[in-house]
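J.:
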Amino acid sequence: MGLKLPKVTSMQSIYRAVVHDPSCICCLPLASRTLFSSLATCHDAEGREFPHREQSQDLTRSVDILTAKIGKGNSEEDILRSLISDEAVNGIHPSQNLINRLLCRYKNDWKSALGIFKWASFHSNFKHSQESYDMMVDILGRMKVMEKMGEILEEMREESLITLDTIAKVMRRFAGTRQWKDAVRIFDDLQIFDLEKNTESMNVLLDTLCKEKFVEQAREIYVELKHYIAPNAHTFNIFIHGWCKIRRVEEAHWTIQEMKGYGCRPCVISYSNIIQCYCQEQNFDRVYELLDEMQAQNCSPNVITYTIIMCALAKAKKIDEAFQLVERMNSTGCKPDTLFYNSFIYALGRAGRIDNAMHVFKVAMPKAGVAPNTSTYNSMISMFCFYAQEEGAFGILKEMEDSDRCKWAFVLFEEMVDQDIVPRYRTCRLLLDEVNRINMYEAAEKIEILMKKL
DNA sequence: GTAGGGTTAG
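In this text, residue positions in the first sequence follow this note's numbering: the first is 954, and each later residue adds one.
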């Protein structure tokens, strides 16, 4: 193909390709060139996404001083020592904003993160927020430094900052490193953290174990616990998911019976899990049987159920059958969403059905009032690039450009709010509509909160 | 984190 971008999966990768070989940019139409130059200016040398205005200059200066001092390869104690003894650093007072920013930057470098974290704790008038503690626990857990993670957890306990969310993270990290017994131990010791052993916390433990395929262990623990903690529908769905995950569909069926025995009705989640299991086996006869059974049980399949089946059909190269399924879904009045269309477009692309994919993107989605998001664009661009249709890829890029502009608008909006410049109601309304159209849900939420105050 | 994407870049 004429384009020097053989595999394009995201805007970022296009951007990187252009940075790597600037001559690439000549292949791009004007609209995309404009886009790239705007992208280029909105990444500074540190890879931060947007330029920082004056209001955050102090913060930025502190970040620069600290990061210059931290260096690499030291232990966290060394980092702490060098920070404490540095004159320039001494002029900096830690703030929660500053610490969170640095923890974000060093999320893949636990020694630097912990060094900074301890440096802040060293200031007697500074206290870490719960958010910073959770971030620190997460960094150490992800890097599998379990001992240090335990130390931070202990500090949190002393400050009474531990929530079930914190515990859930810790459990999942243990189970993720195959130390499932430690996850169970945390649950056993829950009262140490001032938390209760109840259905909710039990479900967290069972879900953690099941997600890491320790389903039998979870089952044994549950058999003990159920005498004094009542299971609920979630509990059973967690097990159904677990059994399906390790491809033991018989046990999943058995769990359905068990949940009925407890007076819990199997729901669309229970059935969708089992359907997914049959989908993995490409046992579509059973899938259709289950769909019928759901209908008979007055438990309608939803868009997630249909997405699961549609993906599996497409993967099994049963494209026409996938189209029939979409029709069946529409006939039941089940509305497709963005994720469904993304999967559909992706599947059609892989099957070489470019025209069909284009039709879904251009006609079906707007008609259903479903907005594309970045993944939709990515699927379309990847497809066009794979089949060497650069014209099509650029068409999608053009559309993305418009929505990138919206992100910029939102960044400016946030800066205004930060500086206590109150936007007009009408400005908010315009931005909110636009932000909703392209699925920037978090942005929409922030704008809505502000609008309520107006 | 009780269920659904994102070719396989390095």
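Ideal Cβ positions, reconstructed from N, Cα and C, are used throughout, including at glycine.
In this text, all values refer to a predicted model and were calculated from it rather than measured experimentally.
Considering arginine 1172, what are the terminal residues of the alpha helix (DSSP H) in which it resides?
T.: Numbered from 1 along the first sequence, position 219 holds the residue referred to as residue 1172. That run of the alpha helix (DSSP H) goes 1168-1178.
J.: Report buried or exposed for tryptophan 1196, applying the criterion of at least 16 other Cβ atoms within 10 angstroms of its Cβ.
T.: Along the first sequence, read from residue 1 onward, the residue named residue 1196 stands at position 243. Classification of tryptophan 1196: buried, given that the 10 Å Cβ count is 16 or more.
J.: Please state whether DSSP places valine 1098 in a helix, a strand or coil.
T.: As a position in the first sequence, residue 1098 is number 145, starting the count at 1. Three-state DSSP puts valine 1098 in coil, outside helix and strand.
J.: Assuming lysine 1022 contacts leucine 1033 (C-beta within less than 8 Å), just tell me the rounded distance between them.
T.: For this step, residue 1022 is matched to residue 69 along the first sequence. For this step, residue 1033 is matched to residue 80 along the first sequence. Not quite, the Cβ-Cβ distance comes to about 11 Å (not below 8 Å), so this is no contact.
J.: Return helix, strand or coil for methionine 1109, following the three-state DSSP convention.
T.: The residue labelled residue 1109 in the question sits at position 156 within the first sequence. Reduced to three states, the DSSP call for methionine 1109 is helix.
J.: Just checking, does the segment 1227-1238 make contact with the segment 1256-1267 on the three C-beta pairs under 8 Å criterion?
T.: These segments touch.
J.: Would you tell me roughly how many angstroms separate the C-alpha atoms of arginine 1390 and alanine 1324, rounded to the nearest one?
T.: As a position in the first sequence, residue 1390 is number 437, starting the count at 1. As a position in the first sequence, residue 1324 is number 371, starting the count at 1. If I take the Cα positions, the gap works out to 6 Å.
J.: Apply the 10 Å Cβ neighbour rule to glutamate 1395 and answer buried if 16 or more other Cβ atoms are within range, or exposed otherwise.
T.: In the first sequence, residue 1395 corresponds to position 442, counting from 1. It is exposed - the Cβ of glutamate 1395 has fewer than 16 other Cβ atoms within 10 Å.
J.: I think valine 1256 touches cysteine 1230, with their Cβ atoms under 8 Å apart; what is that distance to the nearest whole Å?
T.: Numbered from its first residue, the first sequence carries residue 1256 at position 303. Numbered from its first residue, the first sequence carries residue 1230 at position 277. With 8 Å as the limit, valine 1256 and cysteine 1230 do not qualify as a contact, their Cβ atoms being about 19 Å apart.
J.: Go ahead and label tyrosine 1299 buried or exposed: buried means 16 or more other beta carbons lie within 10 angstroms of its beta carbon, across all protein chains shown.
T.: Here residue 1299 refers to the residue found at position 346 when the first sequence is read from its first residue. Answer is buried; the Cβ neighbour count reaches 16.
J.: Start and end of the alpha helix (DSSP H) containing asparagine 1061?
T.: For the purposes of this step, residue 1061 is taken as residue 108 along the first sequence, with counting starting at 1. Neither: asparagine 1061 is in no alpha helix (DSSP H) and is coded neither H nor E.
J.: Helix, strand or coil for methionine 1336 per DSSP?
T.: Against the first sequence, residue 1336 aligns to sequence position 383. Methionine 1336: helix per DSSP, three-state reduction.
J.: Figure out for me which residue from Ile1400, Glu1246, Lys1271 has the closest Cα to the Cα of leucine 1365.
T.: In the first sequence, the residue the question calls residue 1365 occupies position 412. It is Ile1400 whose Cα lies nearest to the Cα of leucine 1365.
J.: May I ask which residues mark the beginning and end of the alpha helix (DSSP H) holding threonine 1161?
T.: Taking the first residue of the first sequence as position 1, residue 1161 is located at position 208. 1152-1164 is the span of the alpha helix (DSSP H), which, as asked, contains threonine 1161.
J.: Specify whether the segment 1208-1224 and the segment 1178-1189 touch according to this definition: at least 3 beta carbon pairs, one from each stretch, less than 8 Å apart.
T.: In short, these stretches touch, since the Cβ pair count reaches three.
J.: Is serine 1223 near isoleucine 1193, with beta carbons less than 7 Å apart?
T.: By one-based count along the first sequence, residue 1223 stands at place 270. By one-based count along the first sequence, residue 1193 stands at place 240. For serine 1223 and isoleucine 1193, yes; Cβs fall inside 7 Å.
J.: Does the beta-carbon distance from isoleucine 1105 to methionine 1088 come in below 7 Å?
T.: Along the first sequence, one-based indexing puts residue 1105 at 152. Along the first sequence, one-based indexing puts residue 1088 at 135. It is not a contact, given that the beta carbons lie outside the stated cut-off.
J.: Express the C-alpha separation of leucine 1301 and asparagine 1309 in angstroms, rounding to a whole number.
T.: Stepping through the first sequence from its first residue, residue 1309 is reached at position 356. Stepping through the first sequence from its first residue, residue 1301 is reached at position 348. Each residue's Cα considered, the two are about 7 Å apart.
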